[in-house]
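Presented below is the structure to which this report refers.
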Amino acid sequence: MTQPQQSTSESTPRWFTAQQILDAVSPRRARELLAETLRSGFRPEEDPARDNVAAGEGHMLLMPSVLGPWSGIKVASVSPGNPQRGLPRIQATYLLLDTATLTVRAMMEGNALTTLRTPAISALAAEHLAAPGARTLMVFGTGPQALSHIEAFADVRALDEVVVCGRSPEKVEAALEHARSLGLTARAGDADEVGSADIVVCATSASQPLFDGTLVRDSACVVAMGSHEPGARELDDALMERAQVVVEDRGTALREAGDVIQAVAHGALQEDALVPLADVVAGRAAVAEDRPRVFKCVGMSWQDLAVAAGVLEAAAD
1 MTQPQQSTSE STPRWFTAQQ ILDAVSPRRA RELLAETLRS GFRPEEDPAR
51 DNVAAGEGHM LLMPSVLGPW SGIKVASVSP GNPQRGLPRI QATYLLLDTA
101 TLTVRAMMEG NALTTLRTPA ISALAAEHLA APGARTLMVF GTGPQALSHI
151 EAFADVRALD EVVVCGRSPE KVEAALEHAR SLGLTARAGD ADEVGSADIV
201 VCATSASQPL FDGTLVRDSA CVVAMGSHEP GARELDDALM ERAQVVVEDR
251 GTALREAGDV IQAVAHGALQ EDALVPLADV VAGRAAVAED RPRVFKCVGM
301 SWQDLAVAAG VLEAAAD
């Protein structure tokens, strides 16, 4: 990462709006920033644990991290009742500091960073875990993350078809239009079709498995990123038992990822079988070819920081 220039105590931190963030770093560049971080020798287990603090009708998430010359923290609030008030369920702000002096160098709209880094880490995993000839993408979910994942995955595989599964016909149609705007063929589908997909993305708020894991083909790559709570899961034991399961970090997954926690508790998955994504990206871990590959992510602080530093560096060019 580029070393930050000397800062003075009188300098005013620069504010980046959501649009400025998205203009500065493309989905491809976000994926590259995360890959560069993992290849640099950084180990995600070194990242501080996400702190969850009850507040109001929901909770606040505090996500600090340090990556060489840059430090930062995201403060996010989650208020489940906000959509009924016409407000976002999740709101966030990011503070970017230079590590040498801990001077705040920039403040950023935090949801835009999440919009970038979450599909970027998923796409980085799929770049390594999906079959080279993968052509069909099935997406469960119709929210912003589902749409962002369609764009990110279209950049790592030449997709022939996108199949969208959702509860609201109107939202499914909106997701299909988004896919078509990217030049992709898209149609609505249902969970029983999961066996025809080369890549499956789960981007929902579901607390129970979305489909029968026995239907997933051995050559498929499945990415589950919709929850970071121990009591919620999108994938069943049948899939977790037969798959190679890749995670951002073992400790984080065993603390926050319900898909992993529940499968381990039920004896369908062994803790020591979890493969860190850093080992896959760096070539230290072989990718299975005879069974499904699952990537379960919950989002980690270092991912926000890597992208935030990339935003400021791009703005300085």
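Note that our numbering has the sequence shown beginning at 1, numbered continuously upward. By construction, the Cβ of each residue, glycine as well, lies at the ideal position given by its N, Cα and C atoms. Quantities reported herein were computed from a predicted structural model and do not represent experimental measurements.
Reduced DSSP category for residue i - H, G, I as helix; E, B as strand; rest coil
i: Gly310; result: helix
i: Arg187; result: strand
i: Val245; result: strand
i: Gln270; result: coil
i: Phe211; result: coil
i: Pro48; result: coil
i: Asp259; result: helix
i: Pro88; result: coil
i: Phe295; result: strand
i: Gln303; result: helix
i: Asp98; result: strand
i: Phe153; result: helix
i: Thr17; result: coil
i: Ser71; result: strand
i: Ser9; result: In this prediction, Ser9 scores a pLDDT of 46, lower than 50, which makes its location untrustworthy; no coordinate-derived value is stated.
i: Leu61; result: strand
i: Arg105; result: strand
i: Ala316; result: helix
i: Glu367; result: Any answer about residue 367 is impossible in this case: the structure gives the chain only from 1 up to 317.
i: Asp218; result: coil
i: Leu147; result: helix
i: Leu33; result: helix
Neighbour-count burial assignment, residue i, 16 or more Cβ in a 10 Å radius
i: Ala257; result: buried
i: Ser168; result: exposed
i: Asp190; result: exposed
i: Gly56; result: exposed
i: Ala76; result: buried
i: Thr214; result: exposed
i: Asp249; result: buried
i: Gly81; result: exposed
i: Ala220; result: buried
i: Gly41; result: exposed
i: Ser301; result: buried
i: Pro132; result: exposed
i: Gly166; result: buried
Pairwise C-alpha distance: residue j and residue i
i: Glu170; j: Leu176; result: 10 angstroms
i: Thr17; j: Leu312; result: 12 angstroms
i: Thr99; j: Ala30; result: 21 angstroms
i: Val223; j: Ser11; result: 42 angstroms
i: Gln303; j: Phe211; result: 29 angstroms
i: Ala152; j: Ser196; result: 21 angstroms
i: Ile121; j: Leu67; result: 17 angstroms
i: His350; j: Thr204; result: The structure shown has nothing for residue 350, since the chain only spans 1 to 317.
i: Arg39; j: Ala238; result: 33 angstroms
i: Leu102; j: Arg217; result: 49 angstroms
i: Pro83; j: Ala314; result: 33 angstroms
i: Arg291; j: Gly226; result: 23 angstroms
i: Gly141; j: Lys74; result: 25 angstroms
i: Gly299; j: His59; result: 16 angstroms
i: Asp236; j: Ala158; result: 28 angstroms
i: Trp70; j: Gln145; result: 26 angstroms
i: Ala232; j: Pro64; result: 24 angstroms
i: Gln208; j: Asp317; result: 46 angstroms
i: Val53; j: Pro88; result: 19 angstroms
i: Ser9; j: Ala273; result: At Ser9 the pLDDT is 46, less than 50, meaning the model places this residue with poor confidence and gives no usable figure here.
i: Gly310; j: Leu269; result: 36 angstroms
i: Asp279; j: Ala186; result: 34 angstroms
i: Glu32; j: Val172; result: 30 angstroms
i: Val275; j: Val194; result: 24 angstroms
i: Gly143; j: Gly72; result: 27 angstroms
i: Arg255; j: Pro230; result: 7 angstroms
i: Arg284; j: His128; result: 12 angstroms
C-beta contact flag for residue i and residue j at 7 angstroms
i: Cys202; j: Glu234; result: yes
i: Ile150; j: Ala188; result: no
i: Thr136; j: Gly110; result: no
i: Asp51; j: Leu62; result: yes
i: Ala308; j: Leu113; result: yes
i: Ala125; j: Leu277; result: yes
i: Leu184; j: Val162; result: yes
i: Pro13; j: Val104; result: yes
i: Trp15; j: Met138; result: no
i: Ala306; j: Leu34; result: yes
i: Asp373; j: Ala154; result: Because residue 373 is not part of the residues shown, which for the chain are 1 to 317, the question remains open.
Rounded distance between the beta-carbons of residue j and residue i, thought under 8 angstroms
i: Val260; j: Val247; result: 7 angstroms
i: Val25; j: Leu116; result: 6 angstroms
i: Arg351; j: Gln262; result: Past the edges of the chain, shown from 1 to 317, lies residue 351, and the structure says nothing about it.
i: Ala123; j: Val164; result: Ala123 to Val164, Cβ: 17 angstroms. No contact.
Minimum Cβ-Cβ distance from residue i to chain B less than 7 angstroms
i: Ile73; result: Considering every chain present, this structure includes no chain B. It has just one protein chain.
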